[in-house]
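Student: Once you've had a glance at the structure underneath, I'll fire off some questions.
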Amino acid sequence: MPEEKKPVLSPADAVRDIVKALGLGFASAGALAAVPFAAGALLGGGSLAAGLETAKSGLFLGAALALFLLAGMLMLKGKKPENDLRESGWQRHFRLLSPKWVLALFAVAWILLAAGADALLLWLNRG
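When the letters of the sequence shown are read in order and numbered with our numbering, they come out as residues 37 to 163.
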């Protein structure tokens, strides 16, 4: 029976995976921020600042929950072996990154978008 050869991974694969995970993270951050933004703007009397403040809080909450989930995944890592991701189809989407890394990059994207909303709020309140 011939042995399975592991695919050769290059630095370009790592960059592609990181950019893809961050892109998906920013897309999900936009979707995550849309509902709180609309609710904050409507309940805040149509104020852009109220919508941004609510969206920022929602993004920070989502990032905190994602990091809490990631911490739990890392603590349980030693208790059971990792699953082989080739059979689940994960490597069709990410050749190098594991689900834990992708979740961490999602949280980074959410925090960056929340920080951008906070900077925009600061700029709006200056004038």
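Note that CB positions come from ideal geometry on N, CA and C, so glycine has one too.
Keep in mind it's a predicted model, so treat the numbers as computed, not measured.
Between the alpha carbons of Ala153 and Leu88, how many angstroms are there, rounded?
Tutor: One-based indexing of the sequence shown puts residue 153 at position 117. One-based indexing of the sequence shown puts residue 88 at position 52. Roughly 6 Å between the two C-alpha positions.
Student: Between the Cα of Ser134 and those of Pro47, Ser46 and Asp53, spot the shortest distance and give me the residue it belongs to.
Tutor: As a working mapping, residue 134 is identified with position 98 in the sequence shown. Checking every option, the nearest Cα to that of Ser134 belongs to Asp53.
Student: What residue range does the alpha helix (DSSP H) around Arg128 cover?
Tutor: In the sequence shown, the residue the question calls residue 128 occupies position 92. Per DSSP, Arg128 belongs to the alpha helix (DSSP H) from Trp126 to His129.
Student: Could you say if the segment 125-133 and the segment 71-87 meet the contact criterion of at least three C-beta pairs nearer than 8 Å?
Tutor: Cβ pair count under 8 Å is below three, so no.
Student: Just curious, the alpha helix (DSSP H) that Gly152 is in, first and last residue?
Tutor: As a position in the sequence shown, residue 152 is number 116, starting the count at 1. Its alpha helix (DSSP H) spans residues Pro135 to Arg162.
Student: DSSP state of Phe83, grouped into three classes?
Tutor: Counting from 1 along the sequence shown, the entry for residue 83 is found at position 47. Here residue 83 is Ser; the residue named in the question, Phe, does not match the sequence. Looking at Ser83 - three-state DSSP - the assignment turns out to be coil, as it is neither helix nor strand.
Student: As a quick exercise: from Leu157, Leu158 and Val138, pick the residue whose alpha carbon is nearest that of Gly59.
Tutor: As a working note, residue 59 is residue 23 in the sequence shown. The shortest C-alpha separation from Gly59 is found at Val138.
Student: Assuming Phe142 contacts Ser64 under a Cβ cut-off of 8 Å, what Cβ separation, rounded to an integer in Å, is found between them?
Tutor: Residue 142 sits at position 106 when you count from the first residue of the sequence shown. Residue 64 sits at position 28 when you count from the first residue of the sequence shown. Indeed they touch by this definition, with Cβ atoms about 6 Å apart.
Student: Decide yes or no for the touch test of the segment 92-104 against the segment 62-81: beta carbon pairs closer than 8 Å, at least 3 of them.
Tutor: Yes: at least three Cβ pairs fall under 8 Å.
Student: Within this structure, are the beta carbons of Leu106 and Lys136 separated by less than 8 Å?
Tutor: In the sequence shown, counting from the first residue as 1, residue 106 sits at position 70. In the sequence shown, counting from the first residue as 1, residue 136 sits at position 100. Cβ atoms of Leu106 and Lys136: closer than 8 Å.
Student: Mind checking Trp159: buried by the 16 CB within 10 Å criterion, or exposed?
Tutor: Within the sequence shown, the letter at position 123 stands for residue 159. With fewer than 16 other Cβ atoms within 10 Å, it is exposed.
Student: Could you check which residue in Ala99, Ala67 and Ala48 has the C-alpha nearest to that of Leu148?
Tutor: Position 112 of the sequence shown, counting from 1, holds the residue named residue 148. Closest option to Leu148, Cα to Cα, is Ala99.
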